[in-house]
């Protein structure tokens with residue numbers, strides 16, 4: 038399928054590169070829909086074990102295109118606005134439901150929807166030139182967009198999330214790391230190497246164990262401690278009977294390196 042962004046798969050790692058550098062990689066209706074559908078399709082693609090998202094040029098993604106989305110929406114009715122908002126939310130939901138690790142390599146400004154896409158990823162590696170801005174309130178919209186008010190408090194805490202979503206201010210890479218928004222900040226020229234290093238580690242790991250870990254992280258956000266402990270017991274019992282765990286044990290016993298089981 039042809040996409041309005043770059044999409045490459047190499048040795049188990051899919052790389053999505055927003056590719057409108059002259060527009061700071063702003064999103065269009067088509068890009069939103071294509072990303073939403075791709076994230077759903079990747080659940081069934083056994084050739085892909087890890088996903089990297091990044092941007093071409095000096096931006097990661099500056100959010101929705103001013104003319105191709107915002108100007109057009111202002112001419113539409115309420116139903117069309119709701120359909121659009123639900124589509125953008127479906128992209129984030131599909132990212133969280135994808136049972137494979139997603140790494141955002143944030144190379145520059147990540148604003149609005151771009152910031153939420155990075156937020157919805159499992160891991161975030163940022164260039165020292167990265168800038169984040171959940172700027173929805175700056176343009177007269179609610180900071181609660183695309184799941185931001187659900188995800189951000191769980192990543193940076195309620196207080197920081199309230200600050201970021203209400204003020205909509207830009208924060209640099211160092212501040213983002215201090216807040217816990219990004220996992221790691223690296224020199225700009227080392228960004229993709231750092232992201233690929235993590236992707237390589239993850240793709241060599243036990244796919245079902247990683248899948249179950251992401252699933253349980255998602256599921257346990259909304260349950261009490263006793264329910265979480267029971268859910269983890271059931272999940273771990275399943276993994277204890279899994280092929281990857283057995284291979285690890287046999288390798289340890291024979292002082293060998295374990296072979297990865299097929300997904």
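Numbering (the working numbering), first residue to last: 38 to 300.
Backbone N, C-alpha and C fix where the C-beta goes; we use that ideal spot for every residue, glycine too.
Looking only at DSSP bridge pairs, what is residue i linked to?
i, result
"residue 45", "52"
"residue 259", "In the DSSP output, where bridge partners are listed per residue, residue 259 has none listed."
"residue 70", "DSSP lists no partner for residue 70."
"residue 87", "50"
"residue 173", "Per DSSP, none; premise fails for residue 173."
"residue 101", "64"
"residue 161", "141"
"residue 146", "96, 168"
Using a Cβ-Cβ cut-off of 7 Å (strictly less than) and excluding sequence neighbours within five positions of residue i, which residues of its own chain qualify?
i, result
"residue 249", "272, 276"
"residue 252", "136"
"residue 220", "160, 161, 162"
"residue 247", "138, 239"
"residue 152", "169, 170, 171"
"residue 41", "65, 67, 68, 71"
"residue 265", "257"
"residue 188", "156, 157"
How long is the line joining the alpha carbons of residue i and residue j, rounded to whole angstroms?
i, j, result
"residue 218", "residue 179", "20 Å"
"residue 138", "residue 118", "31 Å"
"residue 160", "residue 240", "14 Å"
"residue 75", "residue 98", "18 Å"
"residue 256", "residue 61", "34 Å"
"residue 94", "residue 280", "43 Å"
"residue 199", "residue 46", "37 Å"
"residue 287", "residue 43", "41 Å"
"residue 214", "residue 261", "29 Å"
"residue 69", "residue 289", "46 Å"
"residue 108", "residue 82", "36 Å"
"residue 146", "residue 100", "10 Å"
"residue 242", "residue 282", "11 Å"
"residue 113", "residue 229", "40 Å"
"residue 154", "residue 259", "21 Å"
"residue 197", "residue 48", "38 Å"
Among the options, which has the Cα closest to the Cα of residue i?
i, options, result
"residue 176", "114, 83, 155, 150", "150"
"residue 227", "157, 165, 148", "165"
"residue 144", "270, 231, 255", "231"
"residue 224", "45, 211, 236", "211"
"residue 156", "127, 191, 40", "191"
"residue 181", "158, 123, 134", "123"
"residue 158", "289, 261, 53, 81", "53"
"residue 59", "184, 92, 293", "92"
"residue 141", "107, 113, 96", "96"
"residue 127", "110, 109, 188, 77", "77"
"residue 222", "167, 110, 114", "167"
"residue 133", "115, 48, 73, 237", "73"
Using a Cβ-Cβ cutoff of less than 8 Å, which residues in the same chain neighbour residue i once the five nearest sequence positions on both sides are dropped?
i, result
"residue 233", "50, 89"
"residue 130", "184"
"residue 79", "51, 85, 88, 135, 137"
"residue 174", "180, 202, 203, 204, 205"
Taking 6 Å as the limit between beta carbons, can you name the residues of its chain near residue i, skipping five residues before and five after?
i, result
"residue 172", "148, 149, 205"
"residue 65", "102, 105"
"residue 193", "216, 217, 218"
"residue 309", "The question about residue 309 has no answer, for the chain in this structure spans 38 to 300."
"residue 201", "171"
"residue 208", "169"
"residue 55", "42, 62, 92, 98"
Closer than 6 Å to a non-hydrogen atom of the ligand GTP - does that hold for the CB of residue i?
i, result
"residue 85", "Of ligands this structure carries none, so the ligand GTP is not represented either."
Which runs of the alpha helix (DSSP H) at least 4 residues long sit entirely within the region 112 to 137? Give them in chain order.
Segments of the alpha helix (DSSP H) lying fully in the region 112 to 137: 115 to 134.
Pick out the complete beta strand (DSSP E) segments inside the region 201 to 247, 3 residues or longer, and give them in chain order.
You should have 207 to 209, 221 to 223.
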